[in-house]
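Undergrad: Everything in the sequence shown is counted per the working numbering, starting at 18 for the first residue and increasing by one.
My structure is below; once you've seen it, I'll send some questions.
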Amino acid sequence: MHRLLAVFLVASPALAQDPSWPAEFNRVVSESAGFCEGEFSLAEGTVTRIDLSGDGMPDWLLDTAGFTCSTTPSLYCGILGCTVYTEIDGAIGMLTLKSWEVVTEQGETFLTAPDQQGQPIRYRWTGTDWEQPD
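So, in C-alpha cells, the structure goes:
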C-alpha cells in the first residue's frame, strides 16, 4: 500500500500538467506541486484562454487560486492574494491578485482586480509587462 501511494504522489504533478500549456505554466505547476506534502490538484479553470491584450486573440492565464494541497490548504495564496501568471504573445507576466476579471472600455482591455480596500485597480498589458495606467 505504501509503495502504491508513493507512486501516486510522485505521478500527481505530471498528471496536473498539459503539453498544450505554455512551458512556464507547466514549470510553475510542477514546482508548486513539489511544495505539497499531500495530494496536489488543480481546480477546473485554473488555466484559462482569454483575450487579455485586446487584440482579439486568446492569451493564457494561470491563477494559483486553483491550486490545492490536501495537507496545507493555504499554501499557494497569501494575505495579498494569489499569483496570476499570463502569457501574451510569448511574454510572461505576473501579478498578485485576490480576484480578477477582464474588462474592455472604449476599445482598451484591462485586467481588473480589487485592492486591499476593495477598490478596483486596472492593469494594462504593455507588450512586455502589466502596468497600472495613470
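Positions of the beta carbon are idealized from the N, C-alpha and C atoms, including for glycine.
This structure is a prediction, so every number in the text was calculated from the model and none was measured.
Among Leu-79, Ser-49, Thr-129, whose alpha-carbon lies nearest the alpha-carbon of Thr-63?
TA: Leu-79
Undergrad: Answer with buried or exposed for Leu-97, where buried requires no fewer than 16 other C-beta atoms within 10 angstroms of its C-beta.
TA: exposed
Undergrad: Is it buried or exposed for Tyr-105, if we count other Cβ within 10 angstroms and need 16 for buried?
TA: Per the sequence presented here, residue 105 reads as Ile, with Tyr not at that position. Ile-105 is buried by the Cβ-count criterion.
Undergrad: Which stretch, first to last residue, makes up the alpha helix (DSSP H) that contains Glu-41?
TA: 40-52
Undergrad: With a threshold of 8 Å, are at least 3 pairs of Cβ atoms found where one atom belongs to the region 119-128 and the other to the region 86-100?
TA: no
Undergrad: Rounded to a whole number of angstroms, what is the C-alpha to C-alpha distance between Pro-75 and Arg-66?
TA: 5 Å
Undergrad: Decide if Ser-37 is buried, meaning its Cβ has at least 16 other Cβ atoms within 10 Å, or exposed.
TA: It counts as exposed.
Undergrad: Starting from the Cα of Gly-110, find the closest Cα among Gln-34, Gly-73, Thr-143 and give me that residue.
TA: Thr-143
Undergrad: What separation, rounded to the nearest whole angstrom, lies between the Cα atoms of Val-27 and Gln-133?
TA: Its pLDDT being 35, under 50, Val-27 is placed unreliably in this model, and the value from its coordinates should be taken loosely. Distance between the alpha carbons of Val-27 and Gln-133: 37 Å.
Undergrad: Please work out which residues of its chain come closer than 7 Å, Cβ to Cβ, to Cys-94, disregarding the five sequence neighbours upstream and downstream, and give them in chain order.
TA: In chain order, Thr-81, Ala-82 place their CB closer than 7 Å to the CB of Cys-94, counting only its own chain and leaving out the 5 sequence neighbours on each side.
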